[in-house]
Structures are given as structure tokens and as C-alpha cells.
Amino acid sequence: MYKKYKKIQRYFAHLLEPGTAESGLAKAVDVFITIIILLNITALVIDTVPDIPFFYKENFYFFELFTVVVFTLEYVLRIWIAPVTETYAGSRSPRLRFVTSFYGLIDLLAIMPFYLNYILGLNYYFLMVFRLFRLFKLFRYFTALQLLGRVFRAKFQELFFALFFIIIMLVLVSFAMYYVENKAQPDVFRSIPETMWWGIITLTTVGYGDMHPITPLGKFLGGIIALMGIGLFALPAGILAGGFSSELQKIADAEKQEKQKNICTCPHCGKEIHVDDL
Numbered sequence: 001m002y003k004k005y006k007k008i009q010r011y012f013a014h015l016l017e018p019g020t021a022e023s024g025l026a027k028a029v030d031v032f033i034t035i036i037i038l039l040n041i042t043a044l045v046i047d048t049v050p051d052i053p054f055f056y057k058e059n060f061y062f063f064e065l066f067t068v069v070v071f072t073l074e075y076v077l078r079i080w081i082a083p084v085t086e087t088y089a090g091s092r093s094p095r096l097r098f099v100t101s102f103y104g105l106i107d108l109l110a111i112m113p114f115y116l117n118y119i120l121g122l123n124y125y126f127l128m129v130f131r132l133f134r135l136f137k138l139f140r141y142f143t144a145l146q147l148l149g150r151v152f153r154a155k156f157q158e159l160f161f162a163l164f165f166i167i168i169m170l171v172l173v174s175f176a177m178y179y180v181e182n183k184a185q186p187d188v189f190r191s192i193p194e195t196m197w198w199g200i201i202t203l204t205t206v207g208y209g210d211m212h213p214i215t216p217l218g219k220f221l222g223g224i225i226a227l228m229g230i231g232l233f234a235l236p237a238g239i240l241a242g243g244f245s246s247e248l249q250k251i252a253d254a255e256k257q258e259k260q261k262n263i264c265t266c267p268h269c270g271k272e273i274h275v276d277d278l
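The sequence shown lines up with residues 1 to 278 when you count with the UniProt record's numbering.
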């Protein structure tokens, strides 16, 4: 009986773990859940359009109900199969590890708004924000998104210091512009926190035009700050580019090593022979 139970558990693990199965059903499950996620986010966006007829909005509710049923079933199954999955099998409390993991928390947040809305009667529009967490479920099914996550983890320290440096620069330029322009435009540059808005749109070279310097010194300072912004935001971009290059090189090296495992050398002629050809 126990062996049969474990067999069923491994079967569902085979179906739900992306990239671990070559069966058509497992691939179909991956595609189905991916489509549900994408359609759900699309419905969330369209649901905010006020001109959508009530009939269609009512259909969105039924689709939301269907989505919650699917995601709840998936979440419960993933908790159940955790002890036989490659990621959590060796841990002391595999189910607890899954529940507290990144994907476990995302799976919980994906269904939590629905239950909070109906059990506790919390504000529906406030909970809509939490439904966006369903988008993060795509990380499980797209290797490109997983690569992005690995890059952010590997370069977290560098990105943190880059962000810290940008914040320091923002405070400094906002401080300088406030003291240069406040007397000339007291209703525009009213405080340093409000001037930070100007600092953000200038450093990012967006320039909405709602706040702009009018004094000669302010214009000169604004031009210098705008030029600084071009180089300033190239810093995190360069860190991420280096991270992607490093991760792609690791993938290429791993694939090369895997190929080398399948190649042996003939002891008689020295010719390389692929294992599959033997």
C-alpha cells in the first residue's frame, strides 16, 4: 500500500515539476498552467476598463473562480509531493521548506486574495494588487526568467551598492537644486522632498517639464545633472549585462562538460567515439 502511495506521489511530481518530464501529459500541464496565468493577468487588466459591459465582467468572476480552483489544487498537490521532489526530498521538513520557499509563497499569494475577500470581506480592489503575484508563477515555467533570477541573486551586492550610490546622488542634486531655485520659484521647488521628483526625472533623462529651473545657475546645474544621469544609470545596466554574460558562460561550460561525458577515446586508434554510437 505504501509503495503504491509513493508511486502515485512520484507520478504527480513527474507531472507538476517543469522540465523534469518528457511525457506529453506533463508538457500539457505546463502549457495549461502557463496559459491560465497569462489569461488571468490579461483579465485583471481588462477588468479595470470602466466601459466593459457587466455581462463580460460577470464572466471574469467565473474565470477568477476557475483560476482559484486550479491554483489551489496545484498548491495542495505541490505541498503533498514535496517529499519526493528533487529540490526538497533530502530536507528534514520538505513540505515546510516548500511552503516557505519563493515558489511556495508565490503560489500562496496567488490564491490568498480570493479567500481573504470572501472570508474576511477585505477591500476587493486592494486585493487586486496581490493578484499580480500570479505573474511570478511564470518564473517556474520559463528558463529565461529563471536566468534573470539567478543574475539578480548573483549580482545582488553590486546592484545594492549601485542603488545606494544613485540614492546618494539623488539627495545631493535635489539639495543643490532646491537651494538654487527655491527663491526664484518658491511655489515649484517648495521643499527638498518635492525637488527629489525633479531629481528623479532629470537623472533618468525623462524630463516631464512640470518642474524646471529658470535661473542661469539652475539651468547650468540641471544640464550637468542630466549628463550625469546618462552615465549613472548605465552602472546597474553594466552590472546586469556582466551577470548575464557570466551565467550564459556557466551554461555553455556545463553543456560542454555534459558532452565530454558522452565521448570516449578508442584505445587502439585514439579516435573520439560518441557513447550513443557504441
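Where is the CB? At the ideal position from N, CA and C, for every residue including glycine.
Inset, instruction - Assign Gln178 to buried or exposed, taking buried as 16 or more other Cβ atoms, counted over all protein chains shown, within 10 Å of its Cβ. - result: In the sequence shown, counting from the first residue as 1, residue 178 sits at position 178. According to the sequence as given, residue 178 is Tyr; it is not Gln. The residue is buried, with at least 16 neighbouring Cβ atoms inside 10 Å.
Inset, instruction - Express the C-alpha separation of Leu96 and Phe32 in angstroms, rounding to a whole number. - result: Residue numbering aside, residue 32 sits at position 32 when the sequence shown is read from its first letter. Residue numbering aside, residue 96 sits at position 96 when the sequence shown is read from its first letter. Distance between Phe32 and Leu96, taken at the CA atoms: about 27 Å.
Inset, instruction - Locate the alpha helix (DSSP H) running through Ile200, then write down its first and last residues. - result: Taking the first residue of the sequence shown as 1, we reach residue 200 at position 200. Note, Ile200: alpha helix (DSSP H), 192 to 203.
Inset, instruction - Quick one: residues in its chain with C-beta nearer than 7 Å to the C-beta of residue 321, no 5 flanking neighbours on either side, listed in chain order? - result: Because the chain spans 1 through 278 in this model, residue 321 falls outside it and cannot be assessed.
Inset, instruction - Provide the residue span of the alpha helix (DSSP H) that contains Tyr2, from first to last. - result: Within the sequence shown, numbered from 1, the residue matching residue 2 stands at position 2. Segment 2 to 16, the alpha helix (DSSP H) holding Tyr2.
Legend entry - 7 Å CB neighbourhood of Ile36 in its chain, flanking five on each side removed: Counting from one through the sequence shown, the residue named residue 36 turns up at place 36. Closer than 7 Å at the Cβ level, and outside the excluded window around Ile36, lie Thr67, Val70.
Inset, instruction - Compute the distance between the beta-carbons of Gly231 and Thr202, then report whether it is under 9 Å. - result: As a working note, residue 231 is residue 231 in the sequence shown. As a working note, residue 202 is residue 202 in the sequence shown. Not closer than 9 Å, so no.
Legend entry - Exposure of Asn40, with buried meaning 16 or more beta-carbon neighbours within 10 Å: Translated into the one-based positions of the sequence shown, residue 40 becomes position 40. Buried.
Legend entry - Pro236 versus Val171, Gly218, Lys219, Ile166, residue with shortest Cα-Cα distance: For the purposes of this step, residue 236 is identified with residue 236 of the sequence shown, where counting begins at 1. Of Val171, Gly218, Lys219, Ile166, the residue nearest in Cα terms is Ile166.
Inset, instruction - Measure the alpha-carbon distance for Glu158 versus Ile239 and round it to whole angstroms. - result: As a first step, residue 158 must be located in the sequence shown, where it is residue number 158. As a first step, residue 239 must be located in the sequence shown, where it is residue number 239. Cα-Cα distance, rounded: 7 Å.
Legend entry - C-beta atoms of Arg140 and Tyr103 nearer than 9 Å: Taking the first residue of the sequence shown as position 1, residue 140 is located at position 140. Taking the first residue of the sequence shown as position 1, residue 103 is located at position 103. Contact: yes.
Legend entry - Continuous alpha helix (DSSP H) stretch holding Leu143: start and end: Start at 1 with the first residue of the sequence shown, and residue 143 comes out as number 143. Residue 143 is actually Thr in this sequence, not Leu. First-last of the alpha helix (DSSP H) with Thr143: 143 to 154.
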